[in-house]
Amino acid sequence: MNTLTAEQERLRPAQKARPLIRTRNLSLGFGSGYVLQNLNLSFKERRVTALIGPSGSGKSTLLRAINRTNDGLPGYRIEGQILFDRVDIYDRAVDVCGLRQRVGMVFQKPVVFHKSIYENVLFGIKHLRLHSKREYPDIVEAQLRAASLWEEVKDRLSQPATRLSIGQQQRLCLARAMAVSPEVLLMDEPTSALDPKSTAAIEELILDLKGRMTVLLATHNLRQARSISDKTIFICNGCVVEQRDTEEFFTRPGHDATREYIQWNACDCD
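Just so you know, our numbering puts 331 at position 256 of the sequence shown, and the rest follows in order with no gaps.
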């Protein structure tokens, strides 16, 4: 019997994936204006979805809304619904801390805590009391290895995380986010300011997550979107222009605006 190699298994699309996150007539705004209007989207479990579009189109606002990071910002308002596992995440009964455990987020600019590398990885685990102390060393090593950071920091785990390079800090943020085993990982331009080595490490990690975790990735890099995502959504001027399977999106776009955007950014697709 023929069997898949490890590489083929890693890259194989998840089977029978169900919609894990849905938006229904979703509009997001600040004050009297709208950033996004009337979005009806579906994000399947164990798939990578890329959000592309010009700066200011609302990609970051959408990601932040999905784990309620916009809460408390002046004038923030939401109309419509965001359903996670069929539950409206803005329902008053929803535990926001519990939601953020299940829906992690990595920001464009890495946010490391003024603690050691070791303590940064364990921050969420300690807060949520997910594991015993004797498991901590193995968890730290496993997550830093997954983020391709272990070999670079294994001899200085007690040093402040702020001493790391920007690329290393971003990979540390990924390790910290994954340590609590979220079902969804939101990534907002995670490689936009990184060197090629760190960018490649993060892209490799996203590929490794395929079939195991739902990933929503906002990116300006069309090559990145095409190479690692299963579905691509093009957002412009606060509205969804087009959404479809990634290969079809780039080879057979259905809208003139999509074709123009791809052609304009052709150097990022190759």
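Yeah, the Cβ is synthetic: ideal placement off N, Cα and C, and Gly gets one too.
Short Cβ contact (8 Å threshold) for residue i with residue j
i, j, result
"residue 257", "residue 177", "yes"
"residue 167", "residue 199", "no"
"residue 140", "residue 300", "no"
"residue 108", "residue 152", "no"
"residue 253", "residue 293", "no"
"residue 255", "residue 179", "yes"
"residue 169", "residue 247", "no"
"residue 273", "residue 235", "no"
"residue 284", "residue 242", "no"
"residue 232", "residue 215", "yes"
Environment of residue i [buried if 16+ CB atoms lie within 10 Å]
i, result
"residue 181", "buried"
"residue 237", "exposed"
"residue 172", "exposed"
"residue 87", "For residue 87, the pLDDT reaches just 48, beneath the cut-off of 50, and the residue's location in the model is therefore unreliable, although a value from the coordinates is still provided. With fewer than 16 Cβ atoms within 10 Å of its Cβ, residue 87 is classed as exposed."
"residue 307", "buried"
"residue 312", "exposed"
"residue 326", "exposed"
"residue 83", "Unreliable positioning characterises residue 83 in this predicted model, as indicated by a pLDDT of 45, which lies under 50. A coordinate reading is not provided."
"residue 100", "exposed"
"residue 184", "exposed"
"residue 204", "exposed"
"residue 128", "buried"
Where residue i sits in the DSSP three-state scheme
i, result
"residue 320", "strand"
"residue 307", "strand"
"residue 164", "coil"
"residue 138", "helix"
"residue 183", "coil"
"residue 197", "helix"
"residue 148", "coil"
"residue 313", "coil"
"residue 78", "At residue 78, the pLDDT of 38 sits below 50, so the modelled position is not reliable; the number obtained from the coordinates is stated separately. In this structure, residue 78 counts as coil in the three-state DSSP scheme."
"residue 169", "coil"
"residue 159", "strand"
"residue 302", "helix"
(message) Give the list of continuous alpha helix (DSSP H) stretches no shorter than 4 residues that lie fully inside the stretch 215 to 298.
(response) If we require 4 residues or more, the alpha helix (DSSP H) runs fully inside the stretch 215 to 298 come out as 225 to 228, 241 to 254, 271 to 284.
(message) For a minimum of 3 consecutive residues, which ranges assigned as the beta strand (DSSP E) are wholly contained in the stretch 85 to 135?
(response) Look at the stretch 85 to 135 and you find these whole runs of beta strand (DSSP E), each 3 residues long or longer: 94 to 105, 108 to 114, 117 to 119, 123 to 127.
(message) Is it the case that the stretch 115 to 128 contacts the stretch 93 to 105, given that we only count it when at least three CB pairs across the two stretches are under 8 Å?
(response) The stretch 93 to 105 vs the stretch 115 to 128: in contact.
(message) I want to know whether the stretch 295 to 313 touches the stretch 262 to 282 - three or more CB-CB distances under 8 Å.
(response) Counting C-beta pairs with one atom in each stretch, the stretch 295 to 313 and the stretch 262 to 282 have three or more that are closer than 8 Å, which means they touch.
(message) Would you call the stretch 259 to 277 in contact with the stretch 128 to 140, where contact means no fewer than 3 C-beta pairs closer than 8 Å?
(response) Verdict: yes, contact present.
(message) Taking contact to mean 3 or more Cβ pairs, one atom from each stretch, closer than 8 Å, check whether the stretch 318 to 331 and the stretch 146 to 159 are in contact.
(response) Counting Cβ pairs under 8 Å, fewer than three are found: no touch.
(message) Under 8 Å, with one C-beta from each stretch per pair, do the stretch 208 to 215 and the stretch 282 to 290 reach the 3-pair mark?
(response) The stretch 208 to 215 is not in contact with the stretch 282 to 290.
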